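Taken in sequence, the protein lines are chains A, B, C and D.
According to this note's numbering, the residues represented by the first sequence are 1 to 218, in order.
According to this note's numbering, the residues represented by the second sequence are 219 to 436, in order.
According to this note's numbering, the residues represented by the third sequence are 437 to 672, in order.
According to this note's numbering, the residues represented by the fourth sequence are 673 to 908, in order.
Here is the structure we will look at.
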Amino acid sequence: MLDKNGIAKRIAQEVRDGWYVNLGIGIPTLVANFIPAGMEVEFQSENGILGMGPFPLEGDEDADLINAGKQTITAMPGAVYFDSATSFAMIRGRHVQLTVLGAMEVAQNGDIANWKIPGKMVKGMGGAMDLVASAENIIVAMMHTNRAGASKLLPSCSLPLTGVGCVKRVVTNLAVMDIKDGAFHLVERAPGVTVEDIAAATAGKLVIPENVPEMNIG
Amino acid sequence: MLDKNGIAKRIAQEVRDGWYVNLGIGIPTLVANFIPAGMEVEFQSENGILGMGPFPLEGDEDADLINAGKQTITAMPGAVYFDSATSFAMIRGRHVQLTVLGAMEVAQNGDIANWKIPGKMVKGMGGAMDLVASAENIIVAMMHTNRAGASKLLPSCSLPLTGVGCVKRVVTNLAVMDIKDGAFHLVERAPGVTVEDIAAATAGKLVIPENVPEMNIG
Amino acid sequence: MAISKTVEGPEAGCAGVQSGMTLMLGGFGLCGIPECSIAELVKLGAKDLTCISNNAGVDDFGLGLLLQKRQIRKMISSYVGENDEFERQMLSGELEVDLIPQGSLAERCRAGGAGIPAFFTPAGYGTEVAEGKEVREFDGKPHILESALTADFAFVKAWKGDSAGNLVFKATARNFNPMMAMAGKITVAEVEELVPLGALDPNEIHLPGIFVQRIFQGTEYEKRIEQRTVQTRETA
Amino acid sequence: MAISKTVEGPEAGCAGVQSGMTLMLGGFGLCGIPECSIAELVKLGAKDLTCISNNAGVDDFGLGLLLQKRQIRKMISSYVGENDEFERQMLSGELEVDLIPQGSLAERCRAGGAGIPAFFTPAGYGTEVAEGKEVREFDGKPHILESALTADFAFVKAWKGDSAGNLVFKATARNFNPMMAMAGKITVAEVEELVPLGALDPNEIHLPGIFVQRIFQGTEYEKRIEQRTVQTRETA
Numbered sequence: 001m002l003d004k005n006g007i008a009k010r011i012a013q014e015v016r017d018g019w020y021v022n023l024g025i026g027i028p029t030l031v032a033n034f035i036p037a038g039m040e041v042e043f044q045s046e047n048g049i050l051g052m053g054p055f056p057l058e059g060d061e062d063a064d065l066i067n068a069g070k071q072t073i074t075a076m077p078g079a080v081y082f083d084s085a086t087s088f089a090m091i092r093g094r095h096v097q098l099t100v101l102g103a104m105e106v107a108q109n110g111d112i113a114n115w116k117i118p119g120k121m122v123k124g125m126g127g128a129m130d131l132v133a134s135a136e137n138i139i140v141a142m143m144h145t146n147r148a149g150a151s152k153l154l155p156s157c158s159l160p161l162t163g164v165g166c167v168k169r170v171v172t173n174l175a176v177m178d179i180k181d182g183a184f185h186l187v188e189r190a191p192g193v194t195v196e197d198i199a200a201a202t203a204g205k206l207v208i209p210e211n212v213p214e215m216n217i218g
Numbered sequence: 219m220l221d222k223n224g225i226a227k228r229i230a231q232e233v234r235d236g237w238y239v240n241l242g243i244g245i246p247t248l249v250a251n252f253i254p255a256g257m258e259v260e261f262q263s264e265n266g267i268l269g270m271g272p273f274p275l276e277g278d279e280d281a282d283l284i285n286a287g288k289q290t291i292t293a294m295p296g297a298v299y300f301d302s303a304t305s306f307a308m309i310r311g312r313h314v315q316l317t318v319l320g321a322m323e324v325a326q327n328g329d330i331a332n333w334k335i336p337g338k339m340v341k342g343m344g345g346a347m348d349l350v351a352s353a354e355n356i357i358v359a360m361m362h363t364n365r366a367g368a369s370k371l372l373p374s375c376s377l378p379l380t381g382v383g384c385v386k387r388v389v390t391n392l393a394v395m396d397i398k399d400g401a402f403h404l405v406e407r408a409p410g411v412t413v414e415d416i417a418a419a420t421a422g423k424l425v426i427p428e429n430v431p432e433m434n435i436g
Numbered sequence: 437m438a439i440s441k442t443v444e445g446p447e448a449g450c451a452g453v454q455s456g457m458t459l460m461l462g463g464f465g466l467c468g469i470p471e472c473s474i475a476e477l478v479k480l481g482a483k484d485l486t487c488i489s490n491n492a493g494v495d496d497f498g499l500g501l502l503l504q505k506r507q508i509r510k511m512i513s514s515y516v517g518e519n520d521e522f523e524r525q526m527l528s529g530e531l532e533v534d535l536i537p538q539g540s541l542a543e544r545c546r547a548g549g550a551g552i553p554a555f556f557t558p559a560g561y562g563t564e565v566a567e568g569k570e571v572r573e574f575d576g577k578p579h580i581l582e583s584a585l586t587a588d589f590a591f592v593k594a595w596k597g598d599s600a601g602n603l604v605f606k607a608t609a610r611n612f613n614p615m616m617a618m619a620g621k622i623t624v625a626e627v628e629e630l631v632p633l634g635a636l637d638p639n640e641i642h643l644p645g646i647f648v649q650r651i652f653q654g655t656e657y658e659k660r661i662e663q664r665t666v667q668t669r670e671t672a
Numbered sequence: 673m674a675i676s677k678t679v680e681g682p683e684a685g686c687a688g689v690q691s692g693m694t695l696m697l698g699g700f701g702l703c704g705i706p707e708c709s710i711a712e713l714v715k716l717g718a719k720d721l722t723c724i725s726n727n728a729g730v731d732d733f734g735l736g737l738l739l740q741k742r743q744i745r746k747m748i749s750s751y752v753g754e755n756d757e758f759e760r761q762m763l764s765g766e767l768e769v770d771l772i773p774q775g776s777l778a779e780r781c782r783a784g785g786a787g788i789p790a791f792f793t794p795a796g797y798g799t800e801v802a803e804g805k806e807v808r809e810f811d812g813k814p815h816i817l818e819s820a821l822t823a824d825f826a827f828v829k830a831w832k833g834d835s836a837g838n839l840v841f842k843a844t845a846r847n848f849n850p851m852m853a854m855a856g857k858i859t860v861a862e863v864e865e866l867v868p869l870g871a872l873d874p875n876e877i878h879l880p881g882i883f884v885q886r887i888f889q890g891t892e893y894e895k896r897i898e899q900r901t902v903q904t905r906e907t908a
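Set out below in structure tokens:
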């Protein structure tokens with residue numbers, strides 16, 4: 001079973017040289033820590049920076065330089081700042097090759113719900129709806145089940161949607177799954193996790209190929 | 219009767235402190251020469267400058283600094299450069315208070331035709347359609363009649379339109395006229411021009427008030 | 437001769453704001469917010485405001501200050517967390533909230549300033565954001581029609597500015613400020629540094645002054661950091 | 673680590689351009705045009721091109737060079753004067769011409785790059801530009817629906833740029849270049865000065881490198897002036 005860093009590490013393997021990547025808040029943010037040195041990848045934060053770097057050294061933080069999670073950050077050489085309209089022009093115009101974000105629920109048709117729980121305080125969708133409606137390549141990073149132990153991989157979402165039919169791949173603490181033809185297709189097992197464990201934790205339709213290799217996350 | 223500079227001089231009297239003004243090619247360009255010193259007015263050229271100044275001194279011309287007529291220009295203190303989308307955002311968003319442009323024909327309902335003569339080479343509308351569709355305050359600067367002596371102030375335009383019902387005022391070599399309620403309303407006569415001269419040169423409906431003062435262009 | 441927009445300070449900047457008006461306020465989180473104008477709006481006390489701002493501040497800073505005084509009737513935002521008073525007013529029904537995807541919010545402000553009354557975007561299709569909105573397919577992909585936003589006043593904050601209203605922003609403090617400046621009927625810019633006319637390179641200006649009606653030199657910027665994340669010097 | 677877009681020169685920049693493709697070319701008149709790429713396109717000899725460019729150059733410079741070689745089948749522009757060969761081909765029916773209001777052209781390119789498939793604008797309502805287009809009233813004023821433009825290749829010219837594709841333009845040579853860069857599937861930027869990564873202030877960049885796929889250092893810029901208007905030193 002993977003921890004949050006493990007999930008991030010596995011997702012980092014999906015990233016290709018030359019890609020612009022938008023990482024959501026939470027587990028997705030950790031993905032940046034596992035990109036191989038020398039790989040040409042730039043991180044976009046939708047509040048207005050391309051070429052986002054790591055957190056600043058103590059004392060170097062700048063109130064004017066934050067990411068979409070409102071955390072203080074730094075800028076890499078070649079970075080650029082821009083306004084919010086330009087930022088979402090990049091996203092909507094499909095100039096960002098990969099979006100990684102968290103979810104409360106993912107459905108077997110690729111629907112995602114991650115912004116609203118009826119009856120609870122709604123904070124808003126931020127940029128998530130723009131991101132999922134636009135990106136060609138959306139990976140969801142999340143735990144396979146919620147705190148109550150219920151599957152987050154469902155036949156259909158019960159919560160209000162963030163986007164429809166958009167998620168291509170899900171990486172959880174248990175497995176890597178692709179979404180196609182209305183089902184979750186098991187691709188890899190997390191270390192020490194059996195296909196039966198995964199099947200038991202997946203409420204949606206799960207297609208299990210003959211051979212399900214264990215992840216190699218080094 | 220006014221010459222081209224006279225028309226420009228009369229139109230310059232329409233300009234108010236604090237206005238952004240877009241001047242078309244030809245007579246409108248001359249208006250800039252008659253703005254009183256110290257008046258706070260900025261000229262926009264739709265290819266991407268606010269705060270356009272006069273032509274450069276010989277030897278100072280810069281291929282990268284031109285106006286919409288492709289003439290070399292200079293920039294005043296406080297000038298700013300921008301791209302074409304931002305430029306027309308200013309125009310369409312009604313941030314430019316006055317547009318002055320030439321016309322082949324103006325109709326008594328405010329229609330204007332100034333870009334195309336069927337059967338002749340069509341060069342294009344450039345920014346004229348955006349300007350006339352957007353500006354709140356459009357003044358046409360032109361000769362009252364064409365080279366063949368025919369009136370350019372018509373019941374309706376015969377040429378393909380540039381914009382509909384948009385012209386508010388026309389200043390010609392003979393007169394100043396406002397357009398409202400489907401008619402040209404005579405406001406002022408050019409020096410030495412009689413109301414009868416104007417009526418004879420105006421094919422569209424002309425409303426003549428009891429008192430038509432002669433222009434005072436100093 | 438350049439058009440002068442300079443006014444004395446936030447009092448002159450906010451003059452004319454009245455109860456019931458719609459205001460836009462730049463900033464993302466607490467980054468790049470018009471601190472001085474917000475303080476003045478609290479003093480002015482206008483009520484029943486509709487505020488268009490990506491976020492709603494925190495309890496004791498940013499728009500939270502207007503919420504505390506119950507001056508806001510409706511918020512139009514993309515994300516409104518980090519604010520207990522906001523939550524209380526929203527749950528009690530005192531405060532109306534319209535949540536909009538962040539990219540649509542940005543584009544709707546730009547559209548408002550650019551004379552584009554409506555545009556199609558894929559964002560929000562199939563969600564409750566799309567309810568009541570026209571849907572149309574382009575290239576086989578469904579999009580929804582979104583309309584322009586404008587405001588009676590827009591309050592923005594820049595790093596540097598000149599008397600012609602030309603603005604330069606710093607780093608990610610730019611965010612929504614340029615588009616909101618475009619969309620305000622009266623746009624009030626406060627700047628950390630008001631520089632002499634001609635001191636800004638016309639190539640480096642982010643927002644042309646034509647979009648700004650008033651500009652003033654702000655003072656005593658707190659520039660509060662919402663999430664101070666750092667690396668300790670030992671680990672770096 | 674920043675993504676490197678640098679290629680050797682115009683040959684590498686234009687690699688892949690084929691007959692029948694749609695190209696965007698930045699510039700207004702002869703100001704800010706991608707001179708080196710145009711020269712290379714003439715060498716390459718691809719035919720039946722659709723060229724989206726505000727203007728069509730003059731007889732012996734800019735897009736006029738491609739017209740001379742009869743490489744262009746269709747021009748999409750706002751103004752095409754100043755070119756006798758253009759006129760000849762247009763009147764003879766060899767060349768198809770689609771004339772678009774300048775602001776609509778700029779906004780349609782931006783929309784193409786920004787994932788906005790269509791938008792409403794007042795420009796052209798009631799004229800032949802509106803023929804066949806949807807009309808809708810907003811605030812009592814009629815608007816027409818315009819669609820996004822994209823291109824297989826966009827060729828743009830900047831003043832300075834870095835290996836990440838970040839661009840800075842000079843004065844009014846900016847014009848259509850940023851929006852066309854946004855709208856190209858493959859965007860090729862040529863620059864007067866290719867500076868080291870990190871040499872551009874991230875605040876001063878006009879076009880983020882994400883919109884650029886290839887960048888090269890141009891050479892031998894002629895930067896021809898179309899209308900040299902000056903004041904003599906005596907009269908000034």
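Cβ coordinates follow ideal geometry from the N, Cα and C atoms, glycine included.
All values reported here derive from a predicted model rather than from experimental measurement.
Check	Outcome
Going by C-alpha distance, which of A542/C, G597/C, L485/C and K441/C is nearest P638/C?	G597/C
Below 9 Å on C-beta distance, what does P794/D contact in chain C?	G551 and P553
Starting from I245/B, trace the beta strand (DSSP E) both ways and give me its first and last residue.	Counting along the chain, I245/B falls outside any beta strand (DSSP E), though it belongs to the alpha helix (DSSP H) covering I245 to L248.
Please return the same chain residues whose Cβ sits closer than 8 Å to the Cβ of D756/D, not counting the five positions on each side in sequence.	D731
According to the Cβ coordinates, are M142/A and T172/A closer than 8 Å?	yes
Taking all protein chains shown into account, do 16 or more other C-beta atoms lie within 10 angstroms of the C-beta of E105/A, making it buried, or fewer, making it exposed?	buried
Under a three-way DSSP split, which group does Q740/D fall into?	helix
Considering only the alpha carbon of each residue, which of H815/D, R742/D, R745/D and E712/D lies closest to E862/D?	E712/D
Note the first and the last residue of the continuous beta strand (DSSP E) segment covering M339/B.	Segment: none, M339/B is in no beta strand (DSSP E) and carries neither H nor E.
Compute the distance between the beta-carbons of E582/C and S514/C, then report whether it is under 8 Å.	no
Nearest to F300/B by CA position, among S489/C, I651/C, I646/C and T668/C, is which residue?	I646/C
For N602/C, decide whether its Cβ has a neighbour in chain D, counting only Cβ atoms nearer than 8 Å.	no
Is V132/A near G24/A, with beta carbons less than 8 Å apart?	no
Following the continuous alpha helix (DSSP H) through G785/D, name the residue where it begins and the one where it ends.	Q774 to A786
How about Y561/C and V164/A: are their beta carbons less than 8 Å apart?	yes
Quick check: what's the CA-CA separation for N285/B versus I217/A?	59 Å
Indicate the three-state DSSP secondary structure (helix, strand or coil) for D496/C in the structure shown.	coil
Assign V571/C to one of two classes, buried (16 or more other C-beta atoms within 10 Å of its C-beta) or exposed (fewer than that).	exposed
Going by DSSP, which residues form a beta bridge with M129/A?	Paired residue(s): none; M129/A is not in a bridge.
Across the stretch 702-711 of chain D and the stretch 682-693 of chain D, are there enough close Cβ pairs to call them in contact, namely three or more that are closer than 8 Å?	yes
Using the DSSP secondary-structure output, state which residues sit across from G634/C in a beta bridge.	None; G634/C has no bridge partner.
Mapping the DSSP letters down to three states, classify M618/C as helix, strand or coil.	helix
Measure the beta-carbon distance from K677/D to G837/D and round it to whole angstroms, keeping in mind my assumption that it falls under 8 Å.	4 Å
DSSP three-state call for S764/D: helix, strand or coil?	coil
List the whole-angstrom C-beta distance separating Q71/A from T665/C, where the pair is believed to meet the contact cut-off of C-beta under 8 Å.	4 Å
Please tell me whether F888/D has its Cβ less than 8 Å away from any Cβ of chain A.	no
Just verifying my parser: in three-state terms, what is the DSSP assignment at V411/B?	coil
Around the C-beta of I117/A, are 16 or more other C-beta atoms found within 10 angstroms, so that it is buried, or is it exposed?	exposed
Which stretch, first to last residue, makes up the alpha helix (DSSP H) that contains V478/C?	E471 to L480
Can you check DSSP and say which residues form a bridge with D178/A?	R169/A and H185/A
By the three-class DSSP mapping on this structure, what secondary structure does N519/C have?	coil
What does F82/A touch in chain D if you count any residue whose Cβ is under 7 Å from its own?	P880
Give the straight-line distance between the Cα atoms of F184/A and A203/A, rounded to the nearest whole angstrom.	10 Å
In angstroms, rounded to a whole number, what distance separates the CA positions of T891/D and E864/D?	7 Å
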